[in-house]
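Colleague: Below: one structure in structure tokens.
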Amino acid sequence: MDFNDDIRFAAVSNDKGEILWWSQREGLKNLVPFEETKQTLLRALHAWDENARVKDFIGNGLYSISSYQKIKRITVPLGSGKMLFCTLSNEPLKKSLISGKKSYGHLADMGKILSIVDFIKSQK
42 MDFNDDIRFA AVSNDKGEIL WWSQREGLKN LVPFEETKQT LLRALHAWDE NARVKDFIGN
102 GLYSISSYQK IKRITVPLGS GKMLFCTLSN EPLKKSLISG KKSYGHLADM GKILSIVDFI
162 KSQK
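Rendered as structure tokens:
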């Protein structure tokens, strides 16, 4: 949480989807009820298991990012069946000059997100 101010919530689960550790940024309200977050984490874990079927062809998964209007979700396999699940604020960067709409998750933001993934991987 101290690494990046955009991180709202982080959790580590085991291979059964049980939360072993979690932390939430102080002063922030949950956007998703905690019970639903647990179910989302379990679905993400199952998705990693499904994707492992093709690892002989494409290699091991490194991370996954899903972007929504209000948050981004990052999942990172940690080995031994454990997974890191974290959510980040998804404030729009700016209004697009072309469309006039809010811009979410463009390349400038990806560098910030990938620096979080790199930090996590370096802490193993």
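Per my numbering, the sequence shown starts with residue 42, numbered consecutively.
Just so it is clear, CB atoms sit at the ideal spot from N, CA and C, and this is done for glycine as well.
For Asp47, which residues of its own chain have a beta-carbon under 6 Å away from its beta-carbon, when the five flanking residues on both sides are left out?
Modeller: Counted from its first residue, the sequence shown places residue 47 at position 6. Result list for Asp47: Leu129, Ser130, in chain order.
Colleague: Determine the direct distance from the alpha carbon of Ile99 to that of Gly120, and round the result to whole angstroms.
Modeller: Within the sequence shown, residue 120 is the residue found at index 79, counting from 1. Within the sequence shown, residue 99 is the residue found at index 58, counting from 1. If you take the alpha carbons of Gly120 and Ile99, they lie about 18 Å apart.
Colleague: Just to confirm before moving on: does the CB-CB distance between Ile154 and Ile115 stay below 8 Å?
Modeller: Within the sequence shown, residue 154 is the residue found at index 113, counting from 1. Within the sequence shown, residue 115 is the residue found at index 74, counting from 1. In contact: Ile154 and Ile115 (Cβ atoms closer than 8 Å).
Colleague: Relative to the C-alpha of Glu77, which candidate in Gly58, Ser108, Arg66 has its C-alpha closest?
Modeller: Your numbering for residue 77 matches position 36 in the sequence shown. Minimum Cα distance to Glu77 is reached at Gly58.
Colleague: Quick check on Arg49: buried or exposed, where buried means 16 or more other Cβ atoms within 10 Å of its Cβ?
Modeller: Taking the sequence shown and counting its residues from 1, the one referred to as residue 49 is at position 8. Buried is the call here.
Colleague: Leaving out five residues before and five after Ser105 in sequence, what residues of the same chain have Cβ atoms less than 6 Å from its Cβ?
Modeller: Counted from its first residue, the sequence shown places residue 105 at position 64. Answer for Ser105: Thr116, listed in chain order.
Colleague: Indicate the three-state DSSP secondary structure (helix, strand or coil) for Leu129 in the structure shown.
Modeller: By 1-based counting over the sequence shown, the position of residue 129 is 88. Residue state, collapsed to three classes: strand.
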